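Trainee: So that we are looking at the same thing, I have put the structure below in structure tokens.
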């Protein structure tokens with residue numbers, strides 16, 4: 001699949017889910033496609049932690065669905081994150097793992113195990129029931145509703161081609177990302193993120 | 001296979017045999033509960049086996065054993081953004097692995113988290129493989145300006161809650177350090 005086309009299509013299906021993107025490409029494309037600055041936490045310093053970060057959010061707001069994006073560079077670095085996600089088994093968390101077999105944020109340096117890594121098999125090996133693997137747009141579009149819109153913790157492997165050029169980072173500093181996202185959580189859930197009185 | 005709760009009972013029994021104080025663990029858990037913490041992500045350390053088991057067994061908390069310390073940090077950071085009180089519990093070695101994650105995630109986005117950590121490598125630690133913590137832990141913590149409170153005795157246990165709330169005030173991580181003598185109930 002074409003990376004940009006894949007994420008742009010998923011973004012077109014986005015309704016009210018909370019989204020966590022990861023370092024580099026997924027943040028850049030998601031911002032380019034949506035321009036959103038409220039419902040997305042652009043975790044550009046993610047280093048394999050975007051899905052666990054998203055799990056923390058999903059745990060605290062069970063009434064909202066959360067989409068986490070990570071890359072296969074993150075997966076290779078921290079495949080064990082799936083043991084935590086499997087254990088938590090949050091019905092409102094979907095983990096999209098975008099695989100292009102390179103470190104896309106750093107000049108497409110090849111990934112270790114790039115020709116052999118079977119990410120869906122690894123996810124199943126950790127005991128995850130709902131695992132989907134898509135290598136083409138037709139398959140993704142045909143199964144998206146079943147894979148993503150039905151409840152249940154889900155791992156979605158998206159196999160895409162490496163991109164030749166980088167996009168632009170969302171034009172916000174870290175604290176702005178935090179406050180915009182946190183204020184949105186406060187607004188839609190009624191929970192207090194920043195406003196609790198402190199002793 | 002035992003479920004998590006059953007396994008934590010066995011683990012607590014083993015920890016008690018090694019001399020770690022049930023009372024101190026209970027006090028730590030109560031202080032955390034009273035301060036509003038409801039999610040605890042942990043990595044093991046012999047000294048806090050008792051404490052980890054208590055969090056697992058206490059209905060006030062959701063306890064998540066994680067695969068590595070960075071996952072605990074990520075979970076707690078996300079939990080903060082959902083308005084959930086959270087804490088990471090780990091050994092000193094675990095904290096030493098977190099320099100990148102703390103500085104890149106928590107400092108970049110100014111996300112507060114609270115980490116409770118053992119004081120491995122102290123003079124009374126008999127484990128040679130923790131010597132490096134004794135040599136470098138304090139300097140590493142200072143080098144990233146990480147506010148650190150050592151809990152010197154049972155009387156000082158309420159400082160755990162203060163350190164937890166302080167993180168929210170300053171929008172940065174804070175840590176509280178548990179010495180061996182405290183966890184053994186000797187001070």
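Residue numbers (my numbering), protein chains in the order written: chain A, 1 to 199; chain B, 1 to 187.
We put the beta carbon where it would ideally sit given N, CA and C, even for glycine.
All of these numbers come straight from a predicted model, not from anything done at the bench.
Mind checking whether residue 92 of chain A and residue 64 of chain A have CB atoms under 9 Å apart?
Mentor: It is a contact, given that the beta carbons lie within the stated cut-off.
Trainee: Just to confirm the assignment, what range does the beta strand (DSSP E) spanning residue 96 of chain A have?
Mentor: Taken as a continuous stretch (DSSP letters only), the beta strand (DSSP E) holding residue 96 of chain A covers 93–99.
Trainee: Per DSSP, residue 157 of chain A forms a beta bridge with which residues?
Mentor: The partner list for residue 157 of chain A (beta bridge, DSSP) reads A:97 and A:133.
Trainee: List, in order along the chain, the chain A residues whose C-beta lies closer than 9 Å to that of residue 94 of chain B?
Mentor: Simply none; closest approach about 14 Å.
Trainee: Return no unless some Cβ of chain B is closer than 9 Å to the Cβ of residue 185 of chain A.
Mentor: Chain B, which has a Cβ nearer than 9 Å to the Cβ of residue 185 of chain A, makes this yes.
Trainee: At the 9 Å Cβ level, is residue 52 of chain A part of the contact set with chain B, yes or no?
Mentor: True, the Cβ-Cβ gap to chain B drops below 9 Å.
Trainee: Compute the beta-carbon to beta-carbon distance between residue 75 of chain B and residue 52 of chain A, rounded to the nearest angstrom, for a pair I have assumed lies under 8 Å.
Mentor: At roughly 5 Å, the Cβ-Cβ gap stays under 8 Å, so residue 75 of chain B and residue 52 of chain A are in contact.
Trainee: Interface residues of chain A around residue 76 of chain B at Cβ under 7 Å?
Mentor: Those are 56, listed as they occur along chain A.
Trainee: Taking residue 39 of chain B as the query, report the chain A residues whose CB atoms sit under 7 Å from its CB, ordered along the chain.
Mentor: Per Cβ cutoff of 7 Å: 59.
Trainee: Identify every residue that forms a DSSP beta bridge with residue 88 of chain B.
Mentor: In the DSSP output, where bridge partners are listed per residue, residue 88 of chain B has B:41 and B:115.
Trainee: For residue 16 of chain A, count neighbouring Cβ atoms within 10 angstroms of its own Cβ and tell me buried if that reaches 16, exposed if not.
Mentor: That one is exposed.
Trainee: List the residues of chain A whose Cβ lies closer than 7 Å to the Cβ of residue 66 of chain B, in chain order.
Mentor: Under the 7 Å cutoff, chain A gives 84.
Trainee: Looking at chain B, is there any beta carbon in it that lies within less than 9 Å of the beta carbon of residue 167 of chain A?
Mentor: No, because no Cβ of chain B sits closer than 9 Å to the Cβ of residue 167 of chain A.
Trainee: Please compile the residues from chain A whose C-beta is within a distance smaller than 8 Å of the C-beta of residue 170 of chain B.
Mentor: Those do not exist, as residue 170 of chain B stays about 10 Å from chain A at its closest Cβ, beyond 8 Å.
Trainee: Does the Cβ of residue 120 of chain B have 16 or more other Cβ atoms within 10 Å, making it buried, or fewer, making it exposed?
Mentor: With 16 or more Cβ atoms within 10 Å of its Cβ, residue 120 of chain B is classed as buried.
Trainee: How big is the Cα-Cα spacing for residue 72 of chain A and residue 108 of chain A?
Mentor: In a straight line, the C-alpha of residue 72 of chain A is about 12 Å away from that of residue 108 of chain A.
Trainee: Report the option in A:2, A:99, A:152 and A:141 whose CA atom is closest to the CA atom of residue 116 of chain A.
Mentor: The option with the nearest alpha carbon to residue 116 of chain A is A:99.
Trainee: Is DSSP giving residue 14 of chain A helix, strand or coil here?
Mentor: Three-state result, residue 14 of chain A: coil.
Trainee: Quick check on residue 156 of chain B - is its C-beta less than 9 Å from some C-beta in chain A?
Mentor: Taking Cβ atoms only, chain A never reaches closer than 9 Å to residue 156 of chain B, which makes this a no.
Trainee: From what residue to what residue does the beta strand (DSSP E) around residue 42 of chain A run?
Mentor: Run containing residue 42 of chain A: 40–42, per the beta strand (DSSP E) assignment.
Trainee: Using the beta-carbon count (16 or more within 10 Å), is residue 187 of chain A buried or exposed?
Mentor: So residue 187 of chain A counts as exposed.
Trainee: Residues of chain A with CB under 8 Å from residue 104 of chain B, in chain order?
Mentor: What residue 104 of chain B touches in chain A: 45 and 47.
Trainee: Is there contact here, the segment 168–184 of chain B with the segment 149–156 of chain B, by at least three beta-carbon pairs under 8 Å?
Mentor: Touching, per the Cβ criterion.
Trainee: Report the residue from B:45, B:145, B:168 and B:35 whose alpha carbon sits nearest the alpha carbon of residue 160 of chain B.
Mentor: The option with the nearest alpha carbon to residue 160 of chain B is B:35.
Trainee: Could you tell me which chain A residues have their CB closer than 7 Å to the CB of residue 108 of chain B, listed as they occur along the chain?
Mentor: Per Cβ cutoff of 7 Å: 45 and 174.
Trainee: For residue 5 of chain A, which residues of its own chain have a beta-carbon under 7 Å away from its beta-carbon, when the five flanking residues on both sides are left out?
Mentor: Excluding positions up to five away in sequence, the list reads 137.
Trainee: Roughly how many whole angstroms lie between the Cα atoms of residue 64 of chain B and residue 11 of chain B?
Mentor: Each residue's Cα considered, the two are about 15 Å apart.
Trainee: Would you mind reading off the limits of the beta strand (DSSP E) that contains residue 69 of chain A?
Mentor: From DSSP, the beta strand (DSSP E) with residue 69 of chain A extends over 66–71.
Trainee: Relative to chain B, which residues along the segment 64–88 of chain A have a C-beta separation below 8 Å, given in chain order?
Mentor: If the cut-off is 8 Å between Cβ atoms, the segment 64–88 of chain A has 78, 80, 81, 83, 84, 87 and 88 near chain B.
Trainee: Take every Cβ of the segment 109–128 of chain B, pair it with every Cβ of the segment 85–100 of chain B, and state whether three or more of those distances are shorter than 8 Å.
Mentor: The segment 109–128 of chain B vs the segment 85–100 of chain B: in contact.
Trainee: Please confirm if residue 56 of chain B has its CB atom under 9 Å from at least one CB of chain A.
Mentor: False, the Cβ-Cβ gap to chain A never drops below 9 Å.
Trainee: Apart from the five residues just before and just after residue 75 of chain A, which ones in its own chain have a Cβ nearer than 7 Å to its Cβ?
Mentor: Correct list, in chain order: 97 and 119.
Trainee: Does residue 21 of chain A pass the burial test, meaning 16 or more other C-beta atoms within 10 Å, or should it be called exposed?
Mentor: Buried: at least 16 other Cβ atoms inside 10 Å.
Trainee: My assumption, with CB atoms under 8 Å, is that residue 60 of chain A sits in contact with residue 84 of chain B. Please give the rounded CB distance.
Mentor: Indeed they touch by this definition, with Cβ atoms about 4 Å apart.
Trainee: Can you pull the chain B residues whose beta carbon is under 8 Å from the beta carbon of residue 178 of chain A, in chain order?
Mentor: 81, 109, 110 and 111, listed in chain order.
Trainee: Express the C-alpha separation of residue 139 of chain A and residue 145 of chain A in angstroms, rounding to a whole number.
Mentor: The alpha-carbon atoms of residue 145 of chain A and residue 139 of chain A are separated by roughly 11 Å.
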